[in-house]
Amino acid sequence: MRHWLFKTEPGEYSIDDLAAAPQGIARWDGIRNYQARNLLRDEVQIGDQILVYHSSCKPAGVAGIAQVVRSGYPDPAQFDLTSAYHDAKADPQSPRWFCVDIRLVEKFPRLITLQTIKKQAVLANMTLLKQGRLSIQPVSAAQWRRIQALSDSASQA
DNA sequence: GCCAACGTTGGC
DNA sequence: GCCAACGTTGGC
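Have a look at this one:
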């Protein structure tokens with residue numbers, strides 16, 4: 000079982016939208032970056048745990064936890080002419096873009112802000128800080144535990 | 001709104 | 001296959 004960080008702009012899709020979805024399950028689609036695509040297609044597995052990260056907002060940070068309930072499959076939006084994620088070059092015979100389904104596990108009582116993350120020495124090598132633009136990122140077990148610990152201490156405060 | 005980082009495109 | 005131009009991301 001592996002850990003990941005998925006980015007989303009809360010103005011587009013937030014953890015509250017995920018919470019409001021039926022059974023807290025949603026398709027994580029619209030990823031249009033090859034490195035992220037490869038992870039969704041080849042690496043992300045059912046049962047893997049996800050940090051849901053809110054980007055391009057004030058403040059940015061980890062909003063909660065989700066879990067993969069369906070592993071990589073072709074993103075239908077690439078073939079949908081009405082979708083903003085439509086891709087004219089995508090071929091149904093060899094799909095270009097992939098997505099997964101995830102289910103909300105927990106919304107953190109407080110956002111774990113990017114600012115807080117940057118203060119943690121254990122988290123200094125997070126992909127989030129090293130390669131900030133990648134929208135699907137691996138997270139180590141140690142990094143995962145630290146984020147959870149930060150959330151636990153925030154909920155007691 | 002600015003700008004650094006970096007991914008993508010397209011001419012050669 | 002290189003690389004300049006361009007576009008996007010995302011923190012500040």
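All residue numbers for the first sequence refer to numbering that gives the first Met the number 0, where the first residue is 0 and numbers rise by one.
Positions of the beta carbon are idealized from the N, C-alpha and C atoms, including for glycine.
Because the structure is a prediction, the values reported are computed rather than measured.
Annotation: the stretch 35-60 contains the following complete segments of the beta strand (DSSP E) (minimum length 3 residues), in chain order: 48-53.
As DSSP reads the structure, residue 67 sits in a beta bridge with 101. Taking all protein chains in view, the Cβ of residue 81 is surrounded by fewer than 16 other Cβ atoms within 10 Å, so the residue is classified as exposed. Taking 8 Å as the cut-off, the Cβ atoms of residue 67 and residue 43 count as close.
Within the model, the alpha-carbon separation for residue 30 versus residue 152 is close to 33 Å. Contact annotation, residue 59 with residue 112: C-beta distance approximately 7 Å; criterion of less than 8 Å satisfied. The stretch 103-156 is shown to contain whole beta strand (DSSP E) runs of 3 or more residues at 135-138, in chain order.
In the DSSP assignment, residue 73 forms a beta bridge with 97. With at least 16 other beta carbons inside 10 angstroms of its own, residue 49 counts as buried.
Per the coordinates, the alpha-carbon of residue 91 lies some 12 Å from the alpha-carbon of residue 85.
For residue 4, no alpha helix (DSSP H) encloses it; the enclosing beta strand (DSSP E) starts and ends at 2-7.
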